[in-house]
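Colleague: Have a look at the structure that comes next, please.
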Amino acid sequence: MTRDDLDSLSSEVERKFGKPDDTGIAVVVTCPECGKSGVIVVDAGAFAERGDGTCNYPVEGGIVCDHAFMAYIDAHFKAR
Ligand SMILES: [Zn+2]
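Residues 2 to 81 (the numbering used here) make up the sequence shown, in order.
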C-alpha cells in the first residue's frame, strides 16, 4: 500500500464518519429557569481542556427554550 493509498483511505473514513475532532457529545440539559429539557451537542474538546472531565457549557437562548444558561456537565456527560 502506497502513501497515496493511505491518504485516500483516511479521507474516505473522514467522509463517512467525520474527523475525530468533530465528535460532538449529545447531553440532555434542563433549564434552571423554566425546567424545560432539551438535547445539546457539546464539543468533546471542551472537556479535555479542563482536565477534570467536567465542563460548564453555555447554552444559548433558543436551543432548549428561550433562556440562556450555563449547563454544568460532569465526566459522565450528565448535566447536573
Ligand atoms: Zn428556560
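Glycine included, each C-beta is placed from N, C-alpha and C at the ideal position.
(1) Please work out which residues of its chain come closer than 7 angstroms, Cβ to Cβ, to aspartate 6, disregarding the five sequence neighbours upstream and downstream, and give them in chain order.
(2) By Cβ distance below 6 angstroms, which residues in the same chain neighbour valine 43 in space, the five residues on each side in sequence not counted?
(3) Heavy atom of ligand 1 less than 7 angstroms from the Cβ of glutamate 34, yes or no?
(4) Between which two residues does the beta strand (DSSP E) holding aspartate 44 run?
(5) Suppose the cutoff is 6 angstroms on Cβ atoms and the five residues either side in sequence are ignored; what does the same chain contact list for histidine 68 look like?
Modeller: For this structure:
(1) Here residue 6 refers to the residue found at position 5 when the sequence shown is read from its first residue. Excluding residues within five positions, none has a Cβ falling inside 7 angstroms.
(2) Numbered from its first residue, the sequence shown carries residue 43 at position 42. Once the five neighbours on either side are set aside, the close Cβ partners of valine 43 are Ile26, Val28, Tyr58.
(3) What you label residue 34 is simply residue 33 of the sequence shown in a count that begins at 1. A heavy atom of ligand 1 is found nearer than 7 angstroms to the CB of glutamate 34.
(4) For this step, residue 44 is matched to residue 43 along the sequence shown. Per DSSP, aspartate 44 belongs to the beta strand (DSSP E) from 38-44.
(5) Along the sequence shown, one-based indexing puts residue 68 at 67. Same-chain partners within the cutoff: Cys32, Glu34, Gly62.
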